[in-house]
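The structure appears below as structure tokens.
Residue numbers (my numbering): 71 to 400.
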């Protein structure tokens, strides 16, 4: 693990009781009540069945080379340097502590856990139920006992209690190299909570993953969940070029409530530019109705904003090659 002197001295995100953002915000109970009273989520214009038919396809894991497949929501399968990485795996039918209530999966995961033949790493961005799913983690570590989990500060003990054998927790800007892949935890503008009294007790982050093979460095950035913050520009100071970014575009409405914690498609494009992304895949949309934006609104907005940028709207099950010189969509 490598802690640079400037990273060690920059502890503004730590508090005596947990963690905070560089631009702190607080979600007030009265705002939560106001949002729930006013909530009205519209269905996709074409209806749910047609939406699923339009935005889902059969996954093809036989495709070769370094590549990213979108499994659904923020779950992606990354092949990098012949290693397999899962991001924020959720295969359950609800993003909730109970499978009887809470946000319901409206599009199927592109693959089931029992169909995975290899898994080397799991990276977790934070502890919200749509990103850290108990059932999925338990099934994954039962199937792949030696998988390494990389998590932000404060989550290691929980994962060990769940049965994980190899858990590494990192602070913002900490890095570790495992099997010729360097993982770096990066800042995000978000928050954490799973129970009644644990708000911001554990950290949240994005993940930068880098491999170097035959002198060619490939950089993949999993943004996790984040609102927009000028402080995110610091990522570009440390990683001057990102070959492929996995950028959330959904769960942004209404802006008066969601803007502090989730970017919208316009801010996704802004971060694409500010972080010098060479290519991107849109994630965190099309699976759960977590906010007031309809399932089909995020891709519509992104399509109207991205122009000539290589910012891809994959179908669930679709994939993109990680190639700094010649991107190949499949």
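Don't be surprised by glycine CBs; every beta carbon is placed ideally from N, CA and C.
Annotation: residue 381 to residue 90 spans about 30 Å, alpha carbon to alpha carbon. Counting along the chain, the unbroken beta strand (DSSP E) around residue 148 starts and ends at 145–150. When the five nearest sequence neighbours on each side are left out, the beta carbons in the same chain lying within less than 6 Å of the beta carbon of residue 105 are those of 327, in order along the chain. The count of Cβ pairs closer than 8 Å, one atom from the stretch 372–390 and one from the stretch 299–309, stays below three, leaving the stretches out of contact.
Sorting 189, 270 and 246 by C-alpha distance to the C-alpha of residue 259 places 270 at the top. In its chain, beyond the 5 residues on either side, 362 have a beta carbon closer than 8 Å to the beta carbon of residue 109. Below 8 Å, enough C-beta pairs join the stretch 243–252 and the stretch 148–155 to call them touching: three or more. With fewer than 16 other Cβ atoms from the protein chains shown falling within 10 Å of its own Cβ, residue 100 counts as exposed. Taking a C-beta distance under 7 Å as the contact criterion, residue 257 and residue 313 do not qualify as a contact pair. According to the DSSP assignment, residue 290 belongs to no alpha helix (DSSP H) but to the beta strand (DSSP E) extending over 286–292. Closest in C-alpha terms to residue 289, from the list 280, 296, 295 and 297, comes 280. Residue 123 carries a helical assignment under DSSP once its states are collapsed to helix, strand and coil. Collapsing the DSSP output to three states places residue 153 in a strand.
In the DSSP assignment, residue 222 forms a beta bridge with 240. The three-state reading of DSSP puts residue 245 in strand, counting E and B together.
Excluding residues up to 5 positions away in sequence, 254, 256, 289, 291 and 309 lie with their Cβ nearer than 7 Å to the Cβ of residue 278 in the same chain. If you ignore the 5 residues before and after residue 339, its C-beta comes within less than 8 Å of the C-beta of 372, 375, 376, 379 and 381, all in its own chain and listed in chain order. Of the residues 342, 350, 114 and 275, the one whose Cα lies closest to the Cα of residue 331 is 275. Looking at the DSSP output, residue 165 shares a beta bridge with no other residue. If you draw a straight line from the Cα of residue 219 to the Cα of residue 245, it is about 14 Å long. Looking at the backbone, the Cα of residue 192 and that of residue 155 are separated by about 6 Å.
In this chain, the beta strand (DSSP E) harbouring residue 137 covers 137–142. Taking each of 158, 293, 113 and 316 in turn and checking the Cα distance to residue 350, the smallest one comes out for 316. Going by DSSP, residue 340 is part of the alpha helix (DSSP H) stretching over 335–344. Residue pairing for residue 318: DSSP places it in a beta bridge opposite 353. Considering only 344, 263 and 123, the residue with the shortest C-alpha distance to residue 97 is 263. The beta carbon of residue 237 sits closer than 7 Å to the beta carbons of 219, 221, 226, 229 and 230 from its chain, once the five residues preceding and following it are set aside; these are given in chain order.
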